[in-house]
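Take a look at the structure below.
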Amino acid sequence: MLDELNESNVTIQVQNLTKTYGPHPALRDVSFQVQKGEILGFLGPNGAGKTTTMRILTGFMPPTSGSARVAGYDVFYDSIEVRRRIGYLPESVPLYNEMTVWDYLDFCARLRSVPERDGAIERALEMVSVGEKADTLIGKLSKGYRQRVGIAQALLHDPEVLILDEPTIGLDPKQIIEIRNLIKSLGGDHTILLSTHILPEVSQTCSRVLIINEGVIVAEDTPARLSARVGGGAHIHLQVAQPAPEIPGELEKVRGVLGVRTKDANAGIYEVEVNPGADRRAEVAAMVVQRGWGLLELRPVTLSLEEVFLKLTTEEETN
Amino acid sequence: MKNIWTITVRELKAYFVSPVAYVTSAFFLAVMGLLFALILINGREASMRGTFSNLTFVVLMIAPILTMRLLAEEQQTGTIELLLTAPVHDWQVVLGKFLGSIILFLTMFIVPTLYYVLLLALVGSPDWGPIASGYIGLLLLGASFLSVGVFTSALTRNQVVAAVGGLAILLILWLADATGSFIATGAMSNVLSYVSITRHYENLIRGVIDTQDILYPLSMIAIWLFLTTQVLQMRRWR
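Residue numbers (numbering that gives the first Met the number 0), protein chains in the order written: chain A, 0 to 318; chain B, 0 to 237.
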């Protein structure tokens with residue numbers, strides 16, 4: 000019973016997906032699930048297999064082996080049913096330059112048999128704030144507007160599943176924030192899979208991250224837990240006014256401190272590695288004050304998603 | 000059906016904002032006017048037969064130009080991804096685009112030539128039968144040439160390559176007839192003259208309506224459109 004309930008909450012189910020282009024494998028045995036209402040970030044360097052995975056899910060190309068189901072339908076055998084339920088923004092935004100924004104969205108709405116087209120188009124335009132450009136030729140729009148018209152096209156039929164390939168590329172910082180907020184607000188009602196190679200985007204919008212490199216999933220977790228897990232022990236950043244050569248040695252005597260690295264001897268900057276789970280900031284601060292080294296700065300360092308990402312993707316290469 | 004029509008309408012709108020359709024139509028009408036005038040002055044006969052007969056090669060040249068954009072451009076700009084991930088079957092995409100090119104051919108190329116028929120009716124008393132069957136023939140000829148163009152447009156993302164490829168296939172089919180009569184005897188000759196498009200067209204402009212002459216271009220259209228759909232599906236597998 001419980002299993003059945005869980006099953007019905009899985010909107011995207013990918014199993015052992017492999018795709019090869021000639022001899023070169025673009026995806027190798029990729030499996031993951033996306034729950035209903037979840038926003039999953041798909042993270043990886045260019046050419047890692049993000050676009051390939053999305054193209055398989057949207058029915059643009061079949062996998063070499065493995066299977067995928069979206070909203071309960073197989074992407075290969077029930078492709079049309081799957082496509083009805085997906086809003087898709089491809090990496091290169093599919094726009095017809097000779098059409099106006101309105102005509103283009105009207106064409107997309109007709110292709111998807113959207114009832115009450117005018118209302119749907121107005122709503123989509125408003126969501127991406129492109130309303131004032133409705134009668135402009137797409138060929139005359141700037142990159143940011145083109146990208147947003149592409150997003151409007153994906154939202155038009157209020158799909159169950161949104162697949163967005165690099166949704167914020169080409170937008171200016173203000174627009175990026177708007178679109179991220181839009182995506183966040185769409186989560187819950189919609190299941191969203193978005194790809195990006197911009198890390199803050201993932202930590203800001205996604206509830207879960209999937210890191211893919213060279214066609215293989217190398218990590219899968221929440222952004223916060225991923226940072227903690229890959230970070231290993233916790234680190235403390237310490238700066239003192241009077242640097243001295245004996246400082247590292249002395250600090251290592253504090254209980255729970257695993258090691259001290261001198262980062263800049265002249266400026267008195269050290270990095271203290273402590274047992275994960277134990278907060279040793281108070282003890283370290285006490286010693287610095289006691290010895291009269293002059294405490295200037297002391298703060299915990301968490302590994303940013305950038306560092307996690309680099310660590311995971313470069314480890315893969317050295318193996 | 001609704002999906003096909005949606006695609007057809009978009010194609011037609013795209014045709015009318017690009018200069019290609021206008022330029023090609025102007026070229027076609029100019030050549031046809033010249034042919035019509037020369038043939039009428041020399042023959043002094045109230046008939047379209049001579050004009051129709053000489054049009055084959057002109058239609059052969061313009062058809063790939065009208066179709067080169069249809070699928071090649073979508074592949075070039077990436078909009079093909081929109082069509083192939085929309086809840087629309089591949090054959091509906093192909094048929095929608097093909098219909099768009101036929102409607103363009105009908106409105107910008109065939110309908111304006113009715114003016115010449117009107118001229119004939121004013122100055123003489125033409126035999127309407129061959130003119131009507133000739134127009135049916137011209138439409139079928141155009142449609143089968145356009146279907147070849149749709150096919151080559153699916154093969155490449157380069158519009159020029161699509162046009163030249165279409166022209167090459169059409170020239171080969173056109174020459175099949177000549178080759179057939181060159182070989183002169185045997186089954187091979189019969190096969191070659193049967194696959195020749197012009198042979199069936201010639202029958203129609205003479206005013207002879209044989210089902211074979213209607214079915215041949217129709218089956219040719221079906222085969223090329225089927226092949227186009229296969230090419231689109233193969234693109235997915237890459």
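Where a beta carbon is used, it is the ideal one built from N, C-alpha and C, also for glycine.
Between the options, which lies nearest to residue i when the distance is taken from Cα to Cα?
i	options	result
A/Asp279	A/Pro158, A/Phe75, A/Val300	Here residue 279 of chain A turns out to be Arg, not Asp, going by the sequence shown. The shortest Cα separation from A/Arg279 among A/Pro158, A/Phe75, A/Val300 belongs to A/Val300.
B/Gln74	B/Phe144, B/Asn157, B/Phe35	B/Asn157
A/Lys139	A/Leu295, A/Val283, A/Leu94, A/Gly46	A/Leu94
B/Gly148	B/Ile196, B/Tyr200, B/Met60	B/Met60
A/Ser141	A/Pro114, A/Asp164, A/Leu170, A/Asp117	A/Leu170
B/Pro216	B/Met233, B/Arg198, B/Val230	B/Arg198
A/Val13	A/Gly71, A/Ile38, A/Pro242	A/Gly71
A/Gly65	A/Ile120, A/Glu125, A/Asp28, A/Leu250	A/Asp28
B/Leu37	B/Leu28, B/Gly49, B/Phe27, B/Phe26	B/Gly49
B/Gln211	B/Trp223, B/Ile3, B/Ile196	B/Ile196
A/Cys205	A/Asn265, A/Leu193, A/Val215	A/Leu193
B/Ile168	B/Phe144, B/Gln232, B/Val159	B/Phe144
B/Thr76	A/Gly86, A/Asn96, A/Leu104	A/Asn96
A/Thr17	A/Pro61, A/Gly40, A/Asn8	A/Pro61
B/Ala162	B/Thr84, B/Ile3, B/Ser146	B/Ser146
B/Lys12	A/Lys49, A/Phe106, A/Gly86, A/Gly46	A/Phe106
A/Asp220	A/Val273, A/Gln203, A/Val208	A/Val208
B/Ser192	B/Ala175, B/Asn202, B/Lys96, B/Ile213	B/Ala175
A/Pro22	A/Leu42, A/Thr63, A/Val74	A/Thr63
Whose Cβ in chain A lies nearer than 7 Å to the Cβ of residue i?
i	result
B/Gly77	Pro89, Ser91, Pro93
B/Arg9	Phe106
With distances taken between CB atoms, is the gap from residue i to residue j smaller than 8 Å?
i	j	result
A/Ile191	A/Leu185	yes
A/Ala108	A/Leu155	yes
A/Ile235	A/Trp292	no
A/Pro343	A/Arg84	Residue coverage of chain A in this structure runs from 0 to 318, which leaves residue 343 of chain A outside it and unanswerable.
B/Phe51	B/Leu137	yes
B/Glu80	A/Pro89	yes
B/Glu10	B/Leu69	yes
B/Leu224	B/Leu94	yes
A/Ile11	A/Val33	yes
B/Gly206	B/Pro129	yes
B/Ile220	B/Gly133	no
B/Leu28	B/Pro111	yes
A/Val256	A/Val271	yes
B/Leu82	B/Val92	yes
B/Thr155	B/Ala71	yes
A/Gly40	A/Thr195	yes
A/Gly58	A/Val81	yes
B/Ala153	B/Thr78	no
B/Gly164	B/Thr178	no
B/Tyr200	B/Leu140	yes
Could you tell me the boundaries of the alpha helix (DSSP H) in which residue i lies?
i	result
A/Asp117	116 to 126
B/Val122	113 to 122
B/Thr76	68 to 76
A/Leu198	198 to 204
B/Val207	Run containing B/Val207: none; DSSP gives neither H nor E here.
A/Leu16	That residue, A/Leu16, is in no alpha helix (DSSP H); its beta strand (DSSP E) goes 9 to 20.
A/Val287	280 to 289
A/Ala47	Run containing A/Ala47: none; DSSP gives neither H nor E here.
B/Asp89	89 to 104
B/Thr84	79 to 84
B/Ile130	127 to 154
Starting from residue i and walking both ways along the beta strand (DSSP E), at which residues does that stretch end?
i	result
A/His23	23 to 34
A/Pro299	294 to 300
B/Arg198	Not the beta strand (DSSP E): B/Arg198 falls in the alpha helix (DSSP H), residues 196 to 204.
A/Thr57	Counting along the chain, A/Thr57 falls outside any beta strand (DSSP E), and DSSP gives it neither H nor E.
A/Ile38	38 to 42
A/Leu193	190 to 195
Along chain A, in chain order, which residues have C-beta atoms closer than 9 Å to that of residue i?
i	result
B/Glu80	Arg54, Thr57, Phe59, Tyr87, Pro89, Glu90, Ser91, Pro93
B/Asn2	Arg109, Leu110, Ser112
Going along chain A in order, which residues have a C-beta closer than 8 Å to the C-beta of residue i?
i	result
B/Val122	Near B/Val122 there are no residues of chain A at all, since even the closest Cβ is about 43 Å away, more than 8 Å.
B/Leu83	Gly58, Phe59
B/Ala175	Per Cβ cutoff of 8 Å: no residues; B/Ala175 is ~36 Å from chain A at best.
B/Thr5	Phe106, Arg109, Leu110
B/Arg235	Phe59, Met60, Pro61
Closer than 9 Å by beta-carbon distance: list the chain B residues that pair up with residue i, in chain order.
i	result
A/Ile79	Pro86, Val87, His88
A/Glu97	Lys12, Ala13, Val16, Ser17
Taking residue i as the query, report the chain B residues whose CB atoms sit under 8 Å from its CB, ordered along the chain.
i	result
A/Arg83	Pro86
Complete runs of the alpha helix (DSSP H) confined to the segment 14 to 49 of chain B [at least 4 residues]:
18 to 42
Beta strand (DSSP E) segments (min. 3 residues) lying fully within the segment 117 to 178 of chain A
160 to 164
Could I get the ranges of all uninterrupted beta strand (DSSP E) runs contained in the segment 61 to 114 of chain A, with 3 residues as the minimum, in chain order?
64 to 69, 85 to 88
Complete runs of the alpha helix (DSSP H) confined to the segment 207 to 275 of chain A [at least 4 residues]:
222 to 230, 246 to 250
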